[in-house]
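Engineer: After the structure tokens below, expect a handful of questions from me.
Number of protein chains: 4
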Amino acid sequence: MISVSAPSRAFASDNAAGVHPAVMAALQSANAGHALAYGDDRWTAETNALFKELFGQQSQAFLVWGGTGANVMALATMLGPAQAVVCTNWSHINVDETGAPERILGAKLIDLDCPDGKLVPAQIEEQAHALGQMHHAQPGVVSLTQSTELGTVYTAAEIGALSETAHRLGMSVHVDGARLANAVATAGGTIEALRSMTVDAGVDVVTFGATKNGMMYGEAVVYLTDRFAAAAPYVRKQVTQLPSKMRFVAAQFNALLHDDLWLSLASHSNAMARRLYDATRHIPDVVFDAAPKVNSVFPHLPAVAIKPLQDWCFFWDWSVPVNQVRWMTAWDTTDADVDTFAAGVREFLDLSPAV
Amino acid sequence: MISVSAPSRAFASDNAAGVHPAVMAALQSANAGHALAYGDDRWTAETNALFKELFGQQSQAFLVWGGTGANVMALATMLGPAQAVVCTNWSHINVDETGAPERILGAKLIDLDCPDGKLVPAQIEEQAHALGQMHHAQPGVVSLTQSTELGTVYTAAEIGALSETAHRLGMSVHVDGARLANAVATAGGTIEALRSMTVDAGVDVVTFGATKNGMMYGEAVVYLTDRFAAAAPYVRKQVTQLPSKMRFVAAQFNALLHDDLWLSLASHSNAMARRLYDATRHIPDVVFDAAPKVNSVFPHLPAVAIKPLQDWCFFWDWSVPVNQVRWMTAWDTTDADVDTFAAGVREFLDLSPAV
Amino acid sequence: MISVSAPSRAFASDNAAGVHPAVMAALQSANAGHALAYGDDRWTAETNALFKELFGQQSQAFLVWGGTGANVMALATMLGPAQAVVCTNWSHINVDETGAPERILGAKLIDLDCPDGKLVPAQIEEQAHALGQMHHAQPGVVSLTQSTELGTVYTAAEIGALSETAHRLGMSVHVDGARLANAVATAGGTIEALRSMTVDAGVDVVTFGATKNGMMYGEAVVYLTDRFAAAAPYVRKQVTQLPSKMRFVAAQFNALLHDDLWLSLASHSNAMARRLYDATRHIPDVVFDAAPKVNSVFPHLPAVAIKPLQDWCFFWDWSVPVNQVRWMTAWDTTDADVDTFAAGVREFLDLSPAV
Amino acid sequence: MISVSAPSRAFASDNAAGVHPAVMAALQSANAGHALAYGDDRWTAETNALFKELFGQQSQAFLVWGGTGANVMALATMLGPAQAVVCTNWSHINVDETGAPERILGAKLIDLDCPDGKLVPAQIEEQAHALGQMHHAQPGVVSLTQSTELGTVYTAAEIGALSETAHRLGMSVHVDGARLANAVATAGGTIEALRSMTVDAGVDVVTFGATKNGMMYGEAVVYLTDRFAAAAPYVRKQVTQLPSKMRFVAAQFNALLHDDLWLSLASHSNAMARRLYDATRHIPDVVFDAAPKVNSVFPHLPAVAIKPLQDWCFFWDWSVPVNQVRWMTAWDTTDADVDTFAAGVREFLDLSPAV
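Protein sequences appear in the order of chains A, B, C and D. Take the first sequence: its position 316, counted from the start at 1, is 590 in this note's numbering, and no numbers get skipped. Take the second sequence: its position 136, counted from the start at 1, is 410 in this note's numbering, and no numbers get skipped. Take the third sequence: its position 44, counted from the start at 1, is 318 in this note's numbering, and no numbers get skipped. Take the fourth sequence: its position 335, counted from the start at 1, is 609 in this note's numbering, and no numbers get skipped.
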């Protein structure tokens, strides 16, 4: 129906992408003889040092398997008895982790309506009404996602204000940074930008994502201060997130963090989303609510066009009632992928005037 | 102090070994463009089919990150309300998982004294006294480890008898098979041997280990019947064990399960332990309680020799009060590694007559 | 400031009331010598029989300490692995149990916006989108409150429709009946009315409240079918809800269920709320959104009047932003209590024209 | 078969006894009009003051429903992330709470073999090997039972030594005092004796039992220092242990703690056990391992005599393999009850020479 072939790399998700060549090479290189398990190896030592360069010498990084596990581990070390997690209604911990937080933490998630995926300080203030009330779970941790599940981005000042509010009320702050790299990239793409929205903004613990940004597997939970780190080694194992052959997680991180590769990949991914937006926003019947900040765009399409286009080159529905879909770019998306995809969309919509 | 250099591959653990070349090649090969996440890819489809060849068409395999997670996932799907897990005092779930089962399952582990790491039917019978008593956790799952944490192996008949007892009493059977391959190898090294000690023996769910046997990461939870599989997809995610880029776990399994590589590697590892045993058992002051069944030996050494030998070529203490250590071989251990190590031990003990 | 003395029985809550004389007499009477603990006594046998008269011979009742425990026990027996509870945003389990469900069940509560405190079938249908999606907790139990936390009441037909929808989608139905008696009373006050909104409506498990209706302590979890009852004896103890000297819970129930005392008390309590409504709704500046269905009214008062009136005769705020408070009657509220209170409110508001 | 009638009060358990008249009178007296729920009442204020007289002004008491709940609440406030509870193999939390601790705490119980039901400091020392090992649950709380499930009693010095060891190793100390009164009674029956074995011995948190000692229901969790009390109000509700009409728990305690009634009752119960021991120990074929310290004796009887004697006057088996049973006295056991029972036992055994 569409004359051009679908691009080989579709726009389903950044976790549909493969592994960056430098990461794969690092895996090959780390496969040299024996190394003690559980992080007692030279690769992990190097990773630990690299994270200290990023977040400061006071920080401590712990490598884990995946994103859900990283979030659960972080929160498990941060929550006190009878405390709850304040988050957005869109948050991954709330809607996309099959209740892992409730099961493993035994804690309530207080999910607040945030149309743009971002919490604001007034919402934290409002939750304070429960503090000291024995009938209510006690808000203990504010968990925000940077960049958000909706493709929006907190400014460093916004995170700073949330942290200030949270700390003033006796709560702590967790950042689910599954796509933190994309947020840093859009904020300048420097270590200073990273620090401004994390350690300098008063964040306590960060889930540092990597799998969506060129790695095969592996994420890191980074404690920005000493406050919650003491139990981290035990909690990591207890929540099933301790890789045995850890050198292979570490080696990937060492490649990704080398020469700011993680920022280059995220910048590229972001740029591809912008290119896709620019290449499609003038197509009649393709309607965007906003330009992309990071690596996803959320167009509205004619209802009848969605299925044929997905069949041609797969992408996910986002909001069926409003005919909205998600196109997501990745570290390996090329200009040609974008241009071919945009051409296909244009051709299909042009050829379907009844749409 | 010892004239020979330590072998490059020590005898610390099979998880200190690297990745088999065929597995690494499979990872490279799978790194081709995009593939949908969470198992909706052709590599995972192949893995599922390969596991059905192993365990029968009625079985279903679910790929996960690691061994602790695999055990927790299996048990989470098997346990009913207020049920407990019966296991040995030596079991990995009891002593080496930092309480992950208790935390994530919310269930008691009833750990029974088993000097050789193996449960017997009479112990299951004895637990039946609690059934129907409202003050006691209800024994619901019998979890056994094959091969055991002590390097012993259940016969197929022994597992069959345990299963028969368990099922008769309304309990189900889980096998922690982190080193199942080594047990199968020592029992003949055939698919028939595998089946005889699992599906034919009445086992319900198997944790199928792979990381200790040549993979980089990844294990499988295999449901041998339909009984507990329905909730497995959700529970896997809920216990943080769903890999996003699953093709890379699957590709490793496809290499490992191809042409019985998993059995060849385990057989080799077992053979190396036997070689090590033969090469050291006649050294004065090296005392073994038993010949190895699988890939570990547990010699008693003179107390003063342990630390110097560990410094030369690292291995772990096993039981300090009786000067017992563990030497473990791996899929990549060579004859030369063994011979060099044995020579070093002999030289050190010969040169230390005061020991 | 107000010339009349506050009534000795205020309108804070039905759990501020004491114990009905018949219940107290039953406690005295049951205090005769020894009786085996944990329900193996003649009082409990009688209670079990009385509940079978109410809900049918197929039903089974389990006596517990309190309402939160009853809800948690019921849900703990109903939930399968990775399942979630669907409830209203106002539900006691969601907002007034300090996260007990999340902690003890390890399950997510999916709290849906229900302005009148009542779920509708379409909301259950909408949750079905998550069924079969491995990234989402699986809706497993629909929990509704009868009468609701907002003083509204489901009709038997409404509960029947919810049950039909839930069961068709593979979910089960729990009723938090902390004030079920008040709902039955308003629906006719007969056993038939009770059955029409529970067992005949397809409900699976009921939390049958009693403490708010004249007892000192104690509630019952009633399984209306065999489906979830098998594990109830163990789960009751496991969630810390097994009274040792159970005869004293049972004796109270025997008094309460005798000669429909429970219905008489609830009818009286409802009538007192109606009397209070009638006695105050024409007072200028006292604004009601609706007439009471059960034993609570929710007037809006002038902001400056609330604190002085609470100081005179305590009641709780309900919604501070809209100056709404809650006046709740109890089994022991008298006409005089109501009339005195209404007179005091009228006097205060009349004397405070600036209000 | 036995010529005398069984005593009306048997020797099954102290929780088979009823309610002391003073406690029942207090319940009657507290049933006067309305009182705010959840402890905001004058009876609870008095109870709090009475507990401060017992344990010191720095202490804080929290009233709860029952013993299992009290233990779980105490431990829930004491445990940190990934920590475990060290206890005896006989402990109530380990064997008689249906896994409530594992479910609600999500924590491992490390149950140590203690033939007399008492932990010793060397056992705590030995557990320290796990500290700092990320693969093992971290021993965090030592829980001991006073008096023990076996009827033995720790001296104040023994508890002091355990506390010193625990604290030195970074652990805290919980006392399950379901029968603490009996232990205090046997140690002199003074407040000084109570303090010497609790607050002065370095204990952190006490479960203070009352139901077995004359109350209808209700126990207290007493925090002896500020260390773990901050979260107690929330955790109490979260573990379903917050009574709504709390005045009725408090009123019972006020009666029990008045004029040392709790100590008189426990002393009496202990004395009755001693009387029972003296009245039966010379009966041929009745063999005791030891004299009673508190309110239970554990005789060995001829195997064939056990069932007939239980049918005559019920008591529980203790250890079937060694024909051991438990006879337990209560606050209301009389001299006549003991003498009648002893006479019956003697008569039955005399008349059954073949036994």
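No residue lacks a Cβ here, since even glycine has one placed at the ideal position from N, Cα and C. Just so we're clear, the structure is a prediction, and the values are computed from it rather than from any experiment.
In chain order, what residues of the same chain have a beta carbon less than 8 Å from the beta carbon of glutamine 407/A, not counting five sequence neighbours either side?
Structural biologist: On the first sequence, position 133 is the one that residue 407/A refers to. Within the same chain, glutamine 407/A has no close Cβ partners at all.
Engineer: What does leucine 507/B reach in chain C if we use C-beta pairs closer than 7 Å?
Structural biologist: The residue labelled residue 507/B in the question sits at position 233 within the second sequence. A small correction: the amino acid at residue 507/B is proline; leucine does not occupy that position in the sequence shown. Neighbours of proline 507/B on chain C, chain order: Met408.
Engineer: At a CB-CB cut-off below 7 Å, which residues of chain C make contact with asparagine 305/D?
Structural biologist: Residue mapping note: residue 305/D aligns to position 31 of the fourth sequence, counting from 1. The contacting residues are Gly292, Val293 and Met298.
Engineer: Can you tell which of Val427/C, Lys382/C and His410/C has the C-alpha that lies nearest to the C-alpha of cysteine 388/C?
Structural biologist: To locate residue 388/C, count along the third sequence from 1; it is residue 114. Checked all of Val427/C, Lys382/C and His410/C; the closest Cα to cysteine 388/C is Val427/C.
Engineer: Evaluate proline 413/B with the Cβ neighbour count: other Cβ atoms within 10 Å of its Cβ, from every protein chain shown; 16 or more gives buried, anything less gives exposed.
Structural biologist: The residue you call residue 413/B lines up with position 139 of the second sequence. Answer is buried; the Cβ neighbour count reaches 16.
Engineer: List the residues of chain B whose Cβ lies closer than 9 Å to the Cβ of glutamine 217/C, in chain order.
Structural biologist: Residue coverage of chain C in this structure runs from 275 to 629, which leaves residue 217/C outside it and unanswerable.
Engineer: Is DSSP giving proline 558/A helix, strand or coil here?
Structural biologist: Here the question's residue 558/A lines up with position 284 in the first sequence. Proline 558/A: coil per DSSP, three-state reduction.
Engineer: Glycine 292/D and asparagine 305/C look like a contact to me (Cβ under 8 Å); what is the Cβ gap, rounded to whole Å?
Structural biologist: Against the fourth sequence, residue 292/D aligns to sequence position 18. Against the third sequence, residue 305/C aligns to sequence position 31. That belief holds up - the Cβ atoms of glycine 292/D and asparagine 305/C are roughly 4 Å apart, short of 8 Å.
Engineer: Please determine if the segment 568-575 of chain C and the segment 594-608 of chain C are in contact, where contact requires at least 3 C-beta pairs separated by less than 8 Å.
Structural biologist: yes
Engineer: From leucine 454/B to valine 447/B, what does the alpha carbon distance come to, in whole angstroms?
Structural biologist: On the second sequence, position 180 is the one that residue 454/B refers to. On the second sequence, position 173 is the one that residue 447/B refers to. Near 15 Å, if we compare the C-alpha coordinates of valine 447/B and leucine 454/B.
Engineer: Does the distance from the CB of alanine 525/D to the CB of threonine 481/D come in under 8 Å?
Structural biologist: As a first step, residue 525/D is located in the fourth sequence; it is residue number 251 there, counting from the start. As a first step, residue 481/D is located in the fourth sequence; it is residue number 207 there, counting from the start. No, the Cβ-Cβ distance between alanine 525/D and threonine 481/D is not below 8 Å.
Engineer: First and last residue of the beta strand (DSSP E) that includes tyrosine 497/B?
Structural biologist: Position 223 of the second sequence holds residue 497/B. Its beta strand (DSSP E) spans residues 493-497.
Engineer: So glycine 476/A and serine 437/A are supposed to be a Cβ contact under 8 Å. How far apart are they, rounded?
Structural biologist: If you number the first sequence from 1, residue 476/A lands on position 202. If you number the first sequence from 1, residue 437/A lands on position 163. About 3 Å; that satisfies the 8 Å criterion.
Engineer: At which residues does the beta strand (DSSP E) containing valine 447/A begin and terminate?
Structural biologist: For the purposes of this step, residue 447/A is taken as residue 173 along the first sequence, with counting starting at 1. Run containing valine 447/A: 446-451, per the beta strand (DSSP E) assignment.
Engineer: Verify the CB distance criterion: does glutamine 515/D have a CB-CB separation below 8 Å to chain A?
Structural biologist: In the fourth sequence, counting from the first residue as 1, residue 515/D sits at position 241. It does not; no Cβ of chain A falls within 8 Å.
Engineer: Which residues in chain B sit within 8 Å of tryptophan 586/A, going by Cβ to Cβ distance?
Structural biologist: Counted from its first residue, the first sequence places residue 586/A at position 312. Result: empty, since nearest Cβ-Cβ is about 15 Å, beyond 8 Å.
Engineer: In chain C, which residues lie with their C-beta within 8 Å of the C-beta of lysine 511/D?
Structural biologist: As a first step, residue 511/D is located in the fourth sequence; it is residue number 237 there, counting from the start. Ordered by position in chain C, the residues that pass the 8 Å Cβ test against lysine 511/D are Thr342, Glu371, Thr372 and Ala374.
Engineer: Going straight from the alpha carbon of serine 365/C to that of threonine 419/C, what length do you get?
Structural biologist: Taking the third sequence and counting its residues from 1, one reaches residue 365/C at position 91. Taking the third sequence and counting its residues from 1, one reaches residue 419/C at position 145. Those two C-alpha atoms are separated by around 7 Å.
Engineer: Out of Ala284/A, Leu301/A and Asp288/A, which has the shortest C-alpha to C-alpha gap to methionine 489/B?
Structural biologist: Position 215 of the second sequence, counted from the first residue, corresponds to residue 489/B. Ranking the options by Cα distance to methionine 489/B, first place goes to Leu301/A.
Engineer: In terms of alpha-carbon separation, which member of Ala577/C, Thr608/C, Cys587/C and Gln584/C lies closest to valine 256/C?
Structural biologist: The first residue shown for chain C is 275 and the last is 629, placing residue 256/C beyond what the model contains.
Engineer: At 7 Å on the CB atoms, spell out the chain A contacts of asparagine 289/B, in chain order.
Structural biologist: Here the question's residue 289/B lines up with position 15 in the second sequence. Annotation: Cβ neighbours of asparagine 289/B in chain A (cutoff 7 Å, chain order): Ala311, Ser518 and Lys519.
Engineer: Compare the C-beta of tryptophan 339/C against all C-beta atoms of chain D and say whether one is closer than 8 Å.
Structural biologist: On the third sequence, position 65 is the one that residue 339/C refers to. At least one chain D Cβ lies under 8 Å of tryptophan 339/C.
Engineer: Between which residues of its own chain and alanine 459/A is the CB-CB distance below 7 Å, once the five residues before and five after are set aside?
Structural biologist: Taking the first residue of the first sequence as 1, we reach residue 459/A at position 185. Cβ-Cβ distances below 7 Å link alanine 459/A to Leu537, Ala540, Ser541 and Asn544 in the same chain, with the five nearest sequence neighbours on each side left out; the list follows chain order.
Engineer: Between which two residues does the alpha helix (DSSP H) harbouring phenylalanine 605/B extend?
Structural biologist: As a working note, residue 605/B is residue 331 in the second sequence. Looking at the sequence shown, residue 605/B is not phenylalanine but tryptophan. Per DSSP, tryptophan 605/B belongs to no alpha helix (DSSP H) and is neither H nor E.
Engineer: On a CA-only basis, which of Thr318/D, Pro295/D and Lys326/D is nearest glutamate 469/D? Give me that one, please.
Structural biologist: Position 195 of the fourth sequence, counted from the start, is the residue given in the question as residue 469/D. According to the sequence as given, residue 469/D is arginine; it is not glutamate. The shortest C-alpha separation from arginine 469/D is found at Lys326/D.
Engineer: Just the chain D side, please: which residues come within less than 8 Å of phenylalanine 522/C by C-beta, in chain order?
Structural biologist: Counted from its first residue, the third sequence places residue 522/C at position 248. Result: Val293, Met490 and Tyr491.
Engineer: Rounded to a whole number of angstroms, what is the C-alpha to C-alpha distance between valine 479/C and methionine 471/C?
Structural biologist: In the third sequence, residue 479/C corresponds to position 205, counting from 1. In the third sequence, residue 471/C corresponds to position 197, counting from 1. Using only the alpha carbons, I get a separation of about 12 Å.
Engineer: Would you tell me roughly how many angstroms separate the C-alpha atoms of alanine 335/A and tyrosine 312/A, rounded to the nearest one?
Structural biologist: On the first sequence, residue 335/A is found 61 positions in, with the first residue counted as 1. On the first sequence, residue 312/A is found 38 positions in, with the first residue counted as 1. Taking the straight line from one Cα to the other gives about 14 Å.
Engineer: On the three-state DSSP scale, how would you describe glycine 292/B?
Structural biologist: Within the second sequence, numbered from 1, the residue matching residue 292/B stands at position 18. In this structure, DSSP gives glycine 292/B a state outside helix and strand, which the three-state scheme calls coil.
Engineer: Rounded to a whole number of angstroms, what is the C-alpha to C-alpha distance between serine 279/C and asparagine 597/C?
Structural biologist: Walking along the third sequence from the start, residue 279/C turns up at place 5. Walking along the third sequence from the start, residue 597/C turns up at place 323. The straight-line gap from Cα to Cα measures roughly 24 Å.
Engineer: Could you confirm whether any beta carbon from chain B is found closer than 8 Å to the beta carbon of lysine 486/D?
Structural biologist: Looking up residue 486/D in the fourth sequence gives position 212. No, lysine 486/D lies away from the interface with chain B (no Cβ there is under 8 Å from its Cβ).
Engineer: Taking Cβ-Cβ distances shorter than 8 Å, what residues in chain D pair up with serine 282/C?
Structural biologist: On the third sequence, residue 282/C is found 8 positions in, with the first residue counted as 1. Contact annotation for serine 282/C against chain D: Gly307 and His308 [CB-CB distance below 8 Å, chain order].
Engineer: Rounded to the nearest angstrom, how far is the Cβ of isoleucine 367/D from that of aspartate 450/D, given a contact under 8 Å?
Structural biologist: In the fourth sequence, counting from the first residue as 1, residue 367/D sits at position 93. In the fourth sequence, counting from the first residue as 1, residue 450/D sits at position 176. About 7 Å separates the two Cβ atoms, so the contact holds.
Engineer: Taking valine 458/D as part of the beta strand (DSSP E), name the residues at either end of that continuous run.
Structural biologist: If you number the fourth sequence from 1, residue 458/D lands on position 184. It is not in any beta strand (DSSP E) - valine 458/D instead sits in the alpha helix (DSSP H) that spans 454-460.
Engineer: 8 Å is my cut-off, CB to CB: does arginine 377/C come that close to chain G?
Structural biologist: Among the protein chains in the structure shown, which are A, B, C and D, there is no chain G.
Engineer: Using a Cβ cut-off of 7 Å, which residues of the segment 379-394 of chain C contact any Cβ in chain A, in chain order?
Structural biologist: Residues passing the 7 Å Cβ filter: Gly380, Ala381 and Lys382.
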